[in-house]
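Numbered by my numbering, the letters in the sequence shown go through residues 1 to 307 in order.
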Amino acid sequence: AYTAELLEIFERNADLDSVVLTEFGAPVGLVSRTKLYERLSQQFGYSLYSRRAARLVMDDSYLAVDAKDSIEEVARKVTHRRSTEMYDEIVVLEDGVYSGVVSVRDLLHTMTEFQATMARNTNPLTGLPGRIPLQQEIDRRCEANQPFAVLHIDLLNFRAYNERYGVERGDEVIALLAETLSTVVAESNDRQATVGHLGGVNFLALCEPGDVERLGRRIIESFARRTAPLHVTRDISAVEHGSSVPPSVGLSLVGITCTSPPLPNLASLAGRTARYKRVARAAGGNAFVIDGQLVAGRVLSFPQQVG
Numbered sequence: 001a002y003t004a005e006l007l008e009i010f011e012r013n014a015d016l017d018s019v020v021l022t023e024f025g026a027p028v029g030l031v032s033r034t035k036l037y038e039r040l041s042q043q044f045g046y047s048l049y050s051r052r053a054a055r056l057v058m059d060d061s062y063l064a065v066d067a068k069d070s071i072e073e074v075a076r077k078v079t080h081r082r083s084t085e086m087y088d089e090i091v092v093l094e095d096g097v098y099s100g101v102v103s104v105r106d107l108l109h110t111m112t113e114f115q116a117t118m119a120r121n122t123n124p125l126t127g128l129p130g131r132i133p134l135q136q137e138i139d140r141r142c143e144a145n146q147p148f149a150v151l152h153i154d155l156l157n158f159r160a161y162n163e164r165y166g167v168e169r170g171d172e173v174i175a176l177l178a179e180t181l182s183t184v185v186a187e188s189n190d191r192q193a194t195v196g197h198l199g200g201v202n203f204l205a206l207c208e209p210g211d212v213e214r215l216g217r218r219i220i221e222s223f224a225r226r227t228a229p230l231h232v233t234r235d236i237s238a239v240e241h242g243s244s245v246p247p248s249v250g251l252s253l254v255g256i257t258c259t260s261p262p263l264p265n266l267a268s269l270a271g272r273t274a275r276y277k278r279v280a281r282a283a284g285g286n287a288f289v290i291d292g293q294l295v296a297g298r299v300l301s302f303p304q305q306v307g
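Shown next as structure tokens:
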């Protein structure tokens with residue numbers, strides 16, 4: 001293609017902000033309308049470039065993202081661009097093949113709408129997305145025929161703990177679990193892993209099937225480490241005042257892998273989830289069940305007495 005052909009394309013399409021040059025379906029460069037016009041408006045610009053190959057006026061350092069990338073991930077990439085490229089359109093790929101472009105304006109608009117929707121469906125205590133966003137994410141993976149695993153995380157013995165220490169202390173433990181889940185998920189190798197708060201003491205994480213056991217074990221270990229000081233301090237206080245050893249909370253984890261089509265939605269998993277939760281609860285605190293099989297039971301337990 002020649003630069004003059006690009007000019008004709010822009011003149012015929014007033015709403016077009018850029019043209020992507022491709023070879024065998026893969027993008028090789030992006031030509032911005034604004035930057036092309038600026039270059040041609042310079043002295044001798046038109047005569048120098050109009051009859052020459054379009055490659056001479058294209059930008060080969062364009063930002064390309066995968067169609068499966070999250071809005072937040074794309075936004076982060078945009079903010080790391082050079083200031084001169086900040087508002088260039090973003091090239092979208094599907095399996096390495098050019099799919100289209102998206103403007104920064106449209107990205108920001110979509111992100112604003114997404115954040116508003118998330119705010120309406122976010123748990124006020126933990127700041128995590130609720131059931132609706134989680135269901136939507138599961139539906140998206142089902143429609144894309146993308147295998148996934150769900151990981152249910154419940155607090156055990158929470159009612160007794162809450163009655164002993166009060167609602168404020170109970171909320172502290174729930175918030176600490178939410179923080180633990182967010183950190184562990186963020187540190188995982190699965191960039192599409194996510195976590196949400198179903199309500200009360202029930203949480204749900206989504207991840208790749210092969211990552212569910214590692215993720216679950218990491219959650220148990222991290223939460224035990226974070227909460228141990230709380231239990232030790234309160235156990236000491238109870239012993240000093242002649243009280244019985246206070247209750248300690250534990251975790252119950254149930255993982256379900258979904259790899260064979262048709263992939264199930266959250267509602268259709270309810271039966272299996274309930275059965276597997278009974279297996280986990282029967283195994284005691286910090287039990288971990290995957291697809292009905294106990295993979296960890298009492299891996300770590302909180303201090304039950306001091307001294």
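Every residue gets a Cβ at the ideal spot worked out from N, C-alpha and C, and that includes glycine.
Practice task
Leaving aside the five residues before and after ASP171 along the sequence, list all residues of the same chain whose C-beta is less than 7 Å from its C-beta, in chain order.
Solution key: LEU125.
Problem - THR257, DSSP secondary structure in three states - result: Of the three classes helix, strand and coil, the one that applies to THR257 here is strand, per DSSP.
Handout entry: Option in SER182, VAL19 and GLU23 with minimal Cα separation from SER103
Key = The candidate whose alpha carbon is nearest that of SER103 is VAL19.
Practice task
Taking only the alpha-carbon atoms, compute the straight-line gap between ALA295 and ALA274 and give it to the nearest angstrom.
Solution key: The identity of residue 295 in the sequence shown is Val, whereas the question assumes Ala. Straight-line spacing of the CA atoms in VAL295 and ALA274 works out to 17 Å.
Practice task
Just list the alpha helix (DSSP H) runs in the segment 156 to 180, keeping only unbroken ones of 4 residues or longer that don't cross its boundaries, in chain order.
Solution key: When DSSP assignments are scanned along the segment 156 to 180, the uninterrupted stretches of alpha helix (DSSP H) that are 4 or more residues long and fall wholly within it turn out to be 158 to 165.
Practice task
Name the one or two DSSP bridge partners that ASN121 has.
Solution key: BP columns for ASN121 are empty, so no partner.
Handout entry: Coil, strand or helix - GLY196 by DSSP
Key = Strand, per DSSP.
Problem - Paired residues, beta bridge with ILE153 - DSSP - result: In DSSP, ILE153 forms a bridge with PHE203 and LEU253.
Problem - Beta-carbon proximity check, ALA64 vs ALA1, cutoff 8 Å - result: No; because the gap between Cβ atoms is not below 8 Å, this pair is not in contact.
Exercise for the section: In the DSSP assignment, find the unbroken beta strand (DSSP E) run with PRO27 in it and report its ends. Expected result: DSSP places PRO27 inside the beta strand (DSSP E), whose first and last residues are 26 to 32.
Problem - Counterpart residues of SER18 in DSSP-defined beta bridges - result: As computed with DSSP, SER18 is found in a beta bridge with SER32.
Exercise for the section: Between the Cα of HIS152 and those of ASN13, LEU206, GLU94 and ASP139, spot the shortest distance and give me the residue it belongs to. Expected result: The residue with the shortest Cα to Cα distance from HIS152 is LEU206.
Problem - Straight-line Cα distance separating SER182 from LEU155 - result: Answer to the nearest angstrom: the Cα atoms are 16 Å apart.
Handout entry: Integer-rounded CB distance, given that LEU107 should sit under 8 Å from ALA75
Key = 7 Å between Cβ atoms; contact.
Practice task
Note down the Cα distance separating TYR87 from GLN293, rounded to an integer number of angstroms.
Solution key: Between the alpha carbons of TYR87 and GLN293 lies a gap of roughly 51 Å.
Problem - Beta carbon of GLU208 nearer than 8 Å to that of PHE148 - result: Cβ atoms of GLU208 and PHE148: closer than 8 Å.
Handout entry: Segment contact, 8 Å Cβ cut-off, at least three pairs: the segment 216 to 231 with the segment 138 to 147
Key = The segment 216 to 231 vs the segment 138 to 147: no contact.
Exercise for the section: Could you tell me the distance, in whole angstroms, from the CA atom of SER61 to the CA atom of THR122? Expected result: Straight across, the Cα-Cα distance linking SER61 with THR122 is about 37 Å.
Problem - Three CB pairs or more closer than 8 Å across the segment 162 to 171 and the segment 285 to 292 - result: The segment 162 to 171 makes no contact with the segment 285 to 292; the number of CB pairs closer than 8 Å stays below 3.
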